[in-house]
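K.L.:
Numbering (my numbering), first residue to last: 25 to 347.
#1: Which runs of the alpha helix (DSSP H) spanning at least 4 residues fall entirely within the segment 222-273, listed in chain order?
#2: Determine the direct distance from the alpha carbon of residue 166 to that of residue 97, and round the result to whole angstroms.
#3: How would you label residue 170, buried or exposed, when you count the other beta carbons within 10 angstroms and need 16 or more for buried?
#4: In terms of residues, what are the limits of the alpha helix (DSSP H) holding residue 56?
#5: Our contact map puts residue 173 next to residue 260 with C-beta atoms below 8 angstroms; I'd like the distance itself, whole angstroms only.
#6: Skipping 5 residues on each side, what residues in its chain have a beta carbon closer than 8 angstroms to that of residue 160?
#7: Are there 16 or more other CB atoms within 10 angstroms of the CB of residue 188, so buried, or fewer, so exposed?
#8: Within its chain, find whatever has a CB closer than 8 angstroms to the CB of residue 30; leave out the 5 residues flanking it on each side and keep chain order.
#9: Could you tell me the boundaries of the alpha helix (DSSP H) in which residue 179 lies?
#10: Below 8 angstroms on the Cβ atoms is my guess for residue 163 versus residue 143; work out the distance and round it to an integer in Å.
#11: Exposed or buried, what is residue 196 when buried is set at 16 or more other beta-carbons lying within 10 Å of its beta-carbon?
#12: Just to confirm the assignment, what range does the alpha helix (DSSP H) spanning residue 278 have?
#13: Comparing the C-beta of residue 175 with each C-beta of chain B, is any distance below 7 angstroms?
#14: Which whole-angstrom value is the C-beta distance of residue 175 and residue 84, which I expect to be below 8 angstroms?
#15: Got a sec, what are the start and stop residues for the alpha helix (DSSP H) residue 292 sits in?
#16: If you compare alpha carbons, which of 103, 104, 82, 151 is closest to residue 110?
#17: Only counting the same chain, and skipping five residues up and downstream in sequence, which positions put a Cβ closer than 7 angstroms to that of residue 153?
#18: With a threshold of 16 other CB atoms inside 10 Å of the CB of residue 294, please say whether the residue is buried or exposed.
#19: Mapping the DSSP letters down to three states, classify residue 78 as helix, strand or coil.
#20: In terms of residue numbering, what span does the alpha helix (DSSP H) encompassing residue 208 cover?
#21: Are there 16 or more other CB atoms within 10 angstroms of the CB of residue 28, so buried, or fewer, so exposed?
#22: For residue 200, does the three-state DSSP call read helix, strand or coil?
#23: First and last residue of the beta strand (DSSP E) that includes residue 152?
#24: With a CB to CB cut of under 6 angstroms and the five nearest residues on each side skipped, what residues in its chain are close to residue 76?
#25: From what residue to what residue does the beta strand (DSSP E) around residue 137 run?
#26: Where does residue 285 land, buried or exposed, given buried means 16+ other C-beta within 10 angstroms?
#27: Could you check the C-alpha separation between residue 74 and residue 220 for me, to the nearest Å?
#28: Helix, strand or coil: which one does DSSP assign to residue 71?
#29: How would you label residue 70, buried or exposed, when you count the other beta carbons within 10 angstroms and need 16 or more for buried?
#30: For residue 157, count neighbouring Cβ atoms within 10 angstroms of its own Cβ and tell me buried if that reaches 16, exposed if not.
#31: Under 8 angstroms by Cβ, that's how I've got residue 186 and residue 266 pegged, so tell me the actual separation to the nearest angstrom.
#32: So, is residue 38 buried or exposed, given that buried needs 16 or more other C-beta atoms within 10 angstroms?
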């Protein structure tokens, strides 16, 4: 019995010592994590999340500005029908030898007389042209086509906006949290008084993207050119799905007041079907086999809402070098 008691006491002492060591390690880890909490938040979590969100904002605000050089020889093979009245000017004297019937008063008629005369250079002669002019040549083409395309006015805007919605609330929360232990008491007081809004606007959310390293659209003078109604896109109605529903609802309460993104998108799809707009035109890229059908449907729908978008910046020929 004494041996069993001794073994039981040893096991008890081991368990107490082991529990103490484990608890000590956990306490040390928690203390270290507590001391490094703001280092992790300020140097890892916030830069990572806000960097992703900022990049998606920049992608949405980006503009493609690229000049495409076109150099080609275009064969020309046509006949030009030329029918018009004009006046020609002789560039040199033109001798004429003709036969004529001459009436000499008091003498009589002189038939089949040979007459020689000269039309001097500079004589203006009215003529009627009626001929086909064959043109067989090669026309060299040399022009620079400048493409200025804001991405937020293309279908790329939707996925970029959805990515922003996924990271925007997380970035706001991280920025609005305390950055050090000195800010904890004031933050705790606001929490206890119910005055904390972690999704509130802050300096970062007001200007998440600082700008680009190069300009776009400088000197472009064709932004106001009207767009043919057949080329105007149709506003389909779907909205980005968003990220975390609980946070997204606080950022977009108007969307969730209408039933949420899923309900709005389902209603928009029904509206597009009612207008006979092919799903491929707004759910994916248009394939060659479907381009004709999509174009016809787009023309019909555009005629219903021929509204010119302001400041169109489509592909236009560059008016001048360096423009």
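Where a beta carbon is used, it is the ideal one built from N, C-alpha and C, also for glycine. Note that the structure is a prediction, hence the values are computed from the model and not measured.
P.N.:
Reading it off the structure:
#1: 227-230
#2: Position 73 of the chain shown, counting from 1, holds the residue named residue 97. Position 142 of the chain shown, counting from 1, holds the residue named residue 166. Taking the straight line joining both Cα atoms gives about 9 angstroms.
#3: The residue given as residue 170 occupies position 146 in the chain shown. Residue 170 should be labelled buried.
#4: Working through the chain shown from its first residue, we reach residue 56 at position 32. Residue 56 -> alpha helix (DSSP H) spans 26-64.
#5: Residue 173 sits at position 149 when you count from the first residue of the chain shown. Residue 260 sits at position 236 when you count from the first residue of the chain shown. The pair is not a contact, with the Cβ atoms about 20 angstroms apart (cut-off 8 angstroms).
#6: Residue mapping note: residue 160 aligns to position 136 of the chain shown, counting from 1. Contacts found: 100, 101.
#7: Residue mapping note: residue 188 aligns to position 164 of the chain shown, counting from 1. Answer is buried; the Cβ neighbour count reaches 16.
#8: Residue numbering aside, residue 30 sits at position 6 when the chain shown is read from its first letter. Answer for residue 30: no residue qualifies.
#9: Counting from one through the chain shown, the residue named residue 179 turns up at place 155. It is not in any alpha helix (DSSP H) - residue 179 carries neither H nor E in the DSSP assignment.
#10: Taking the first residue of the chain shown as position 1, residue 163 is located at position 139. Taking the first residue of the chain shown as position 1, residue 143 is located at position 119. About 38 angstroms; that fails the 8 angstroms criterion.
#11: By one-based count along the chain shown, residue 196 stands at place 172. Classification for residue 196: buried.
#12: As a first step, residue 278 is located in the chain shown; it is residue number 254 there, counting from the start. 277-281 is the extent of the alpha helix (DSSP H) around residue 278.
#13: Although the question refers to chain B, the structure presented lacks it and comprises just one protein chain.
#14: As a first step, residue 175 is located in the chain shown; it is residue number 151 there, counting from the start. As a first step, residue 84 is located in the chain shown; it is residue number 60 there, counting from the start. Residue 175 to residue 84, Cβ: 6 angstroms. Contact.
#15: For the purposes of this step, residue 292 is taken as the residue at position 268 of the chain shown. Its alpha helix (DSSP H) spans residues 285-298.
#16: Position 86 of the chain shown, counted from the start, is the residue given in the question as residue 110. Per the Cα distances, 151.
#17: Start at 1 with the first residue of the chain shown, and residue 153 comes out as number 129. Correct list, in chain order: 106, 107, 108, 110.
#18: Within the chain shown, residue 294 is the residue found at index 270, counting from 1. Exposed: under 16 other Cβ atoms inside 10 Å.
#19: Counting from 1 along the chain shown, the entry for residue 78 is found at position 54. Of the three classes helix, strand and coil, the one that applies to residue 78 here is helix, per DSSP.
#20: What you label residue 208 is simply residue 184 of the chain shown in a count that begins at 1. Where residue 208 is concerned, the enclosing alpha helix (DSSP H) stretches over 208-217.
#21: What you label residue 28 is simply residue 4 of the chain shown in a count that begins at 1. By the 10 Å Cβ count, residue 28 comes out exposed.
#22: As a first step, residue 200 must be located in the chain shown, where it is residue number 176. Helix at residue 200.
#23: Stepping through the chain shown from its first residue, residue 152 is reached at position 128. Per DSSP, residue 152 belongs to the beta strand (DSSP E) from 148-174.
#24: Taking the first residue of the chain shown as 1, we reach residue 76 at position 52. These residues qualify, in order along the chain: 191.
#25: Here the question's residue 137 lines up with position 113 in the chain shown. Taken as a continuous stretch (DSSP letters only), the beta strand (DSSP E) holding residue 137 covers 132-143.
#26: Reading the chain shown from its first residue, position 261 is the one you call residue 285. Residue 285 should be labelled buried.
#27: Looking up residue 74 in the chain shown gives position 50. Looking up residue 220 in the chain shown gives position 196. Spanning the two alpha carbons is a distance of roughly 20 angstroms.
#28: Start at 1 with the first residue of the chain shown, and residue 71 comes out as number 47. Three-state DSSP puts residue 71 in a helix.
#29: The residue given as residue 70 occupies position 46 in the chain shown. So residue 70 counts as buried.
#30: Start at 1 with the first residue of the chain shown, and residue 157 comes out as number 133. Label assigned to residue 157: exposed.
#31: Numbered from 1 along the chain shown, position 162 holds the residue referred to as residue 186. Numbered from 1 along the chain shown, position 242 holds the residue referred to as residue 266. With 8 angstroms as the limit, residue 186 and residue 266 qualify as a contact, their Cβ atoms being about 7 angstroms apart.
#32: Residue numbering aside, residue 38 sits at position 14 when the chain shown is read from its first letter. Residue 38 should be labelled exposed.
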